[in-house]
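Here the structure is laid out as structure tokens; the discussion comes afterwards.
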Ligand code: RM4
Ligand code: MN
Ligand code: MN
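Residue numbers (the working numbering): 254 to 649.
Written out as structure tokens, the structure is:
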């Protein structure tokens, strides 16, 4: 790598930050059962502590997303405690995720429920989540809806669309000046016939209907197999409607595997569209990079550090594409040249420069190894094993 390239990577590393999910540190499983890990976080404080370790070692994860029902069950009343943890563990509260899928009331939907009282309750929960975000100075309220139906003919699709528009508008009106709504889409699961916000077009429509402070959130696991996600990203960038990402990898469905474990080139292509946009427009789009993973088998903190490392590497590779040459090659329809420019950047080993950057920041050169040497895992395993043993694992 020549020195202008090294400079480009250094600049990119200075700005790249990625948010950790609180739920990635807790026990999770499949729909057939939970797998218990002795070191899993059992309290919100432990989630902050674990996220703090990831940030301490990587230096690029200053915030942690919170899921309201799991992390702030008493709503704004939990804000004081959260702020104290944030200070103690040097992790800011990140995006606030209302939970509109766990309560029994939501069996037939939340914003799309035929029952008006349940729809209103769901809107109130989003408003409470906005209030929590305001209290915590957290900017993003991320909305994911499990709403949908399992059988043809059982849901009035157009009416539900209108309820979503109206309810999102109502929620949007509560946003503070710095806040924004991020609207996530997902083609299926838990509903298997129709999902109310099934794809980016529906999310874009609803974000526009909600108001000027709503954008689309792209969860990389929420697409049909082989869908061209970077094209969606490019379109959302062009429309100034790309709010953020939930990163994870997948082989089949919403697998929530660690980023880049299955298809790192996909993630590279996404970052490449963003970096190309920045080069061409001179703008830096305001994108919330977030991880949404559930580590059922891997050690949770290790899986998170691994993910952050991979995200950082792929981001760095993406800025290595020679955009001047690419624009010219595209214009002259030089297909092999254009594609090779991407392949060359993707094949570049950016790890030495990343190590150099970490050195310059006083960070460990190898965060995963530093974590293994730190003794943190042994300590928390001993502390938490008892509580984790008692946790519920059964599917039925
Ligand atoms: C969903 C979606 C949401 C996440 C929940 C737990 O599939 O990805 O973002 O909050 O899972
Ligand atoms: Mn998600
Ligand atoms: Mn998901």
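For each residue, glycine too, the CB sits at the ideal point set by N, CA and C.
Report yes if the CB atom of residue i is closer than 8 Å to the CB atom of residue j, and no otherwise.
i	j	result
residue 527	residue 538	yes
residue 440	residue 477	yes
residue 375	residue 425	no
residue 320	residue 353	no
residue 258	residue 594	no
residue 350	residue 395	yes
residue 385	residue 347	no
residue 256	residue 318	no
residue 497	residue 541	yes
residue 561	residue 314	yes
residue 323	residue 372	no
residue 558	residue 311	yes
residue 525	residue 515	no
residue 436	residue 389	no
residue 383	residue 427	yes
residue 438	residue 452	yes
residue 546	residue 509	yes
residue 357	residue 393	no
Would you mind working out which of the options sits nearest residue i, comparing C-alpha positions?
i	options	result
residue 501	456, 494, 513	513
residue 443	381, 362, 466, 409	362
residue 454	427, 489, 473, 445	489
residue 364	312, 400, 531, 570	400
residue 641	299, 613, 289, 582	289
residue 650	405, 558, 530	The question about residue 650 has no answer here: the residues shown for the chain are numbered 254 through 649.
residue 617	260, 294, 307, 373	307
residue 633	646, 560, 552	552
residue 333	576, 638, 297	297
residue 602	582, 579, 639, 563	563
residue 629	355, 337, 305, 581	305
residue 533	586, 339, 581, 548	581
residue 600	585, 568, 620	568
residue 263	631, 368, 565	565
residue 456	403, 398, 510	398
residue 480	506, 631, 584	506
residue 644	254, 265, 295	295
residue 596	549, 366, 575, 367	575
With residue i as the anchor, note down where its beta strand (DSSP E) starts and where it stops.
i	result
residue 404	It is not in any beta strand (DSSP E) - residue 404 carries neither H nor E in the DSSP assignment.
residue 573	Looking at the DSSP string, residue 573 is not in any beta strand (DSSP E), and its letter there is neither H nor E.
residue 434	433–437
residue 541	541–544
residue 287	286–288
residue 393	393–396
residue 496	495–500
residue 281	281–283
Can you tell me the Cβ-Cβ gap for residue i and residue j, rounded? I've got them flagged as a contact below 8 Å.
i	j	result
residue 410	residue 447	6 Å
residue 301	residue 342	4 Å
residue 466	residue 495	Residue 466 to residue 495, Cβ: 14 Å. No contact.
residue 637	residue 291	6 Å
residue 344	residue 316	6 Å
residue 287	residue 511	In fact, because the Cβ distance is near 19 Å, the residues do not count as touching under 8 Å.
Where does the unbroken alpha helix (DSSP H) through residue i begin, and where does it stop?
i	result
residue 320	Element bounds for residue 320: not the alpha helix (DSSP H) but the beta strand (DSSP E), 316–320.
residue 275	Counting along the chain, residue 275 falls outside any alpha helix (DSSP H), and DSSP gives it neither H nor E.
residue 331	From DSSP, residue 331 is part of no alpha helix (DSSP H); its letter is neither H nor E.
residue 348	Not the alpha helix (DSSP H): residue 348 falls in the beta strand (DSSP E), residues 345–350.
residue 468	Run containing residue 468: none in the alpha helix (DSSP H); it sits in the beta strand (DSSP E), 467–472.
residue 621	620–627
residue 309	297–311
residue 653	Any question about residue 653 goes unanswered here, given that the chain covers just 254 to 649.
residue 417	410–425
residue 386	369–388
residue 534	517–534
residue 592	588–600
residue 489	482–491
Is residue i near ligand 4, going by C-beta to nearest heavy atom under 7 Å?
i	result
residue 474	As presented, the structure is devoid of ligand 4, carrying ligand 1, ligand 2 and ligand 3 as its sole ligands.
With a threshold of 8 Å, are at least 3 pairs of Cβ atoms found where one atom belongs to the region 517–525 and the other to the region 270–284? Short answer: they don't touch.
For the region 618–638 against the region 280–287, are there 3 or more C-beta pairs whose distance is under 8 Å? no
Any 3 or more C-beta pairs closer than 8 Å across the region 585–593 and the region 601–620: no
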